[in-house]
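Q:
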Amino acid sequence: KQAYINKLRNLEKKLLSDVENVTNQESSLSSNDFTKKIITLNNQAWELAEELIK
618 KQAYINKLRN
628 LEKKLLSDVE
638 NVTNQESSLS
648 SNDFTKKIIT
658 LNNQAWELAE
668 ELIK
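Numbering (our numbering), first residue to last: 618 to 671.
1) Is it a yes or a no for the region 642-649 touching the region 622-629, going by three-plus beta-carbon pairs under 8 Å?
2) Using the C-alpha atoms, what's the distance from K653 back to L669?
3) Could you tell me the alpha carbon to alpha carbon distance between A666 and E637, rounded to whole angstroms?
4) By Cβ distance, which residues of its chain are closer than 7 Å to A662, with the 5 residues on each side in sequence left out?
Structure (structure tokens):
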């Protein structure tokens, strides 16, 4: 059980870090590119969540 919790925490930390990186780049990206990157990260998060639920 603890291994599963650790895996979830690590995934969450990575995704939050990725979001922070994209947010830090926001001023150098077009609005469309920024939105696409955030949507991609959101989709990745959902896919990972679905895999972990199985």
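All residues carry an ideal CB built from backbone N, CA and C; glycine is no exception.
A: According to the data block:
1) no
2) Position 52 of the sequence shown, counting from 1, holds the residue named residue 669. Position 36 of the sequence shown, counting from 1, holds the residue named residue 653. Taking the straight line joining both Cα atoms gives about 24 Å.
3) Position 49 of the sequence shown, counted from the start, is the residue given in the question as residue 666. Position 20 of the sequence shown, counted from the start, is the residue given in the question as residue 637. In a straight line, the C-alpha of A666 is about 20 Å away from that of E637.
4) As a working note, residue 662 is residue 45 in the sequence shown. Cβ within range, chain order: L632.
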